[in-house]
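Contents: one structure, followed by commentary.
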DNA sequence: GATGAATGAGTATTCATTCAT
DNA sequence: AATGAATGAATACTCATTCAT
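Protein chains in written order, with the numbering used here: chain A, 1054 to 1233; chain B, 1054 to 1233; chain C, 1054 to 1233; chain D, 1054 to 1233.
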């Protein structure tokens, strides 16, 4: 694999597991089996590396959301979104962790502020497009609630409650949004 | 004021504004106008100081939740809880920030894991007590959803959306929980 | 001795011998038998340490020049200045070296620019005060020439000519300025 | 232009502006629009590159001094030398800067010691040849004084006094050497 | 000749903590 | 209780140099 890609992959994992501030670049380079200098060669700084990682995730989110859903009803689209959210949340805990982490940490939030704004605007727009079809009048509030619920679930599941009843919550929320 | 209390107050503010990892104790001592050594004297370590701060917030939460609400109906209790949540969220942004921060950051989460468990159990219990009266069968899931929604709202409001429609969200959620 | 003073003394010697840019702080701390951290504790940065050293030399220069010379004629004062210059040049080569070094190196010159301006203004004033008594009309040019000659001699002696005939030059220049 | 020449030109400028130690080769290669590797390819090391630059300047000095001056009197030769010195000092500040820089910086002085010796011997010889004709007995001291004065003027003008009265100094020194 | 990825030693700086006073 | 000097480990970053292509 390209060493640059390898570095991004390793850094993503380590930043997720240990937090950005708590992961020295030396650990990244050791884990990726490359020299310390190579990180500076490809990314100019640790901050730049984080931005690169954040961008990649945004790309993924955009890709998922721009898949063709033309033939689906809004409710069906929501259901699909939720299914994909919950399956990702289970399979890719760490990635969620990192994304929450950097958005809640003042220093990283500032560092990524433009990228965060870009991504969150996209998500809000994408969500609102769906809710517009369901209830045009309240679509903004409903979209914000939808997003907040998913974020809140992620926090509870990842960071707070060891015995969070994910399956039941999933059932509950799918029922609420997709089966009315 | 007691210098110990003064230190806790200053540290709380700075940790909230800048994040725990990103706040050197030297800054805390300067800001509080005490010597660096005094922090180690009162708290054994930076970690211990954070634990002390976290405990204080838990105490506050417990106090708020154990005020006598015997004469209120569950819906009224929820409404009161929500009112207090939103007013705190607006007036004390930073405190919310810090609490999200330390729970999402792997290193601090581990450091505080026992205290987090203690606090979150309390919150879940307190919430569940209310929902038990509303719908005994689904009270656990509903409690978790309730908590997740509030956390999610906090994240969106504090960290992500500059133009988060807090007032409308508040109205929406109060209507949902308290006026059925 | 005060460790702060000890650090300044050691750093002065090492910066002189090896050049500022070429002297790592680790070498300074090792040579002074203190920890690396202590340098940061007393001086905030390597640059700050250099400024401190430069200031000290300026102080010395000011002290030497403000000794009471009221009873001396201008020629006698010049002679005394020259004697002191040449004896210092021989005994304290390194100090001259450092001062030339930092004034000719673009990075350090910028770093010290205010201090350099301050010092060189003082020297020009002090010199001009003497030449004013000798030849008021040409005193500025003569002062500049006087200073330039001494600097040029220092460079030739310290940096360029191994077999620079210092004694003869000294005799020549004393004759020129003091014995007319 | 030959890329090798282009590199020398760029490096000369950058070393002069920023100092040798303070100019990374990466900056040289970027500025010259060539790859980093090419520098190592043409010159074996950064040090070698500096030696090459220093040699070039020595060549220039030699050329200027070996122009045929057979028909000029020694005073006329001195005058011509001074004219050329002052016009160069004004037009090519940076080059003077670099040459002072590397001779005063211990690390570079050592690196170039053989070349410095070679060049300074040449200059001394060339100067002495002229002064021999004026005053054979004192020609060595006078040559050293002449050289020191010019170096000192360069330092004052380039590095110390923003408002150095170059024109008057030039007039003064030409009068002193060429019009007796 | 020419490129740019890759290396690894070097270095200033940050910072929690210790300890004598 | 309170100070601040002192420590030393940790860490991001710089940069000359090497080397495969």
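A virtual CB, placed ideally from N, CA and C, is assigned to each residue, including glycine.
query                                                                                                                              : result
Short CB-CB distance (under 7 Å) between residue 1083 of chain A and chain B                                                       : no
C-alpha distance - residue 1159 of chain D paired with residue 1072 of chain D, whole-angstrom precision                           : 13 Å
Contact with chain C by residue 1127 of chain D, beta-carbon distance below 7 Å                                                    : no
Rounded separation between residue 1189 of chain C and residue 1058 of chain D - CA only                                           : 51 Å
Contact with chain D by residue 1143 of chain C, beta-carbon distance below 7 Å                                                    : no
DSSP state of residue 1076 of chain C mapped onto helix, strand, coil                                                              : coil
Contact with chain C by residue 1209 of chain D, beta-carbon distance below 7 Å                                                    : yes
Proximal residues to residue 1180 of chain C (C-beta, below 7 Å), its chain only, five neighbours per side dropped                 : 1196, 1199 and 1200
Same chain only: Cβ atoms within 7 Å of residue 1172 of chain C, ignoring 5 sequence neighbours per side                           : 1111 and 1114
Contact list for residue 1160 of chain D against chain C, beta-carbon separation under 9 Å                                         : 1071, 1072, 1074 and 1075
Cβ neighbour criterion (16 or more within 10 Å) applied to residue 1224 of chain B                                                 : exposed
Span separating the alpha-carbon of residue 1106 of chain B from that of residue 1138 of chain A                                   : 34 Å
Option in A:1132, A:1192 and A:1148 with minimal Cα separation from residue 1229 of chain A                                        : A:1132
Length of the line joining the Cα atoms of residue 1098 of chain A and residue 1147 of chain C                                     : 39 Å
Three-state class that DSSP yields for residue 1156 of chain B in the structure shown                                              : helix
Assigned secondary structure, residue 1174 of chain D (DSSP; H/G/I helix, E/B strand, else coil)                                   : helix
Three-pair Cβ contact test at 8 Å for the segment 1150-1166 of chain A versus the segment 1065-1083 of chain A                     : yes
Reduced DSSP secondary structure (H/G/I, E/B, other) of residue 1122 of chain C                                                    : coil
Neighbouring residues, chain B, relative to residue 1148 of chain A (Cβ below 8 Å)                                                 : Those do not exist, as residue 1148 of chain A stays about 13 Å from chain B at its closest Cβ, beyond 8 Å.
Rounded separation between residue 1183 of chain A and residue 1116 of chain A - CA only                                           : 16 Å
Pick from B:1085, B:1123, B:1091 and B:1086 that is closest to residue 1186 of chain B, judged by C-alpha positions                : B:1123
Simplified DSSP assignment, three categories, for residue 1194 of chain A                                                          : helix
Three-way DSSP call (helix, strand, coil) for residue 1055 of chain A in this model                                                : coil
Length of the line joining the Cα atoms of residue 1079 of chain C and residue 1192 of chain C                                     : 47 Å
Element boundaries [alpha helix (DSSP H), containing residue 1214 of chain A]                                                      : From DSSP, residue 1214 of chain A is part of no alpha helix (DSSP H); its letter is neither H nor E.
Per-residue burial, residue 1125 of chain B [other beta carbons within 10 Å of its own, 16 or more giving buried]                  : exposed
Rounded distance between the beta-carbons of residue 1081 of chain B and residue 1064 of chain B, thought under 8 Å                : 5 Å
Closer than 6 Å: residue 1057 of chain B CB and nearest the ligand ADP heavy atom                                                  : Questions concerning the ligand ADP fall outside what the structure shown contains, since it holds no ligand whatsoever.
Spatial neighbours of residue 1100 of chain D in its chain, beta-carbon cut-off 8 Å, leaving aside the 5 residues before and after : 1164
Rounded straight-line distance, which links the Cα of residue 1232 of chain C to that of residue 1129 of chain C                   : 9 Å
Closer than 7 Å to chain B by CB, residue 1100 of chain A                                                                          : no
Residue 1209 of chain D burial status per 10 Å Cβ neighbour count (16 or more: buried)                                             : buried
Neighbourhood of residue 1118 of chain A by C-beta, 7 Å cutoff - its chain only, sequence neighbours within 5 removed              : 1179
Residue from C:1170, C:1226 and C:1206 with nearest C-alpha to residue 1104 of chain C                                             : C:1170
Interface residues of chain D facing residue 1140 of chain C [CB-CB closer than 8 Å]                                               : None at all; the shortest Cβ gap to chain D is about 18 Å.
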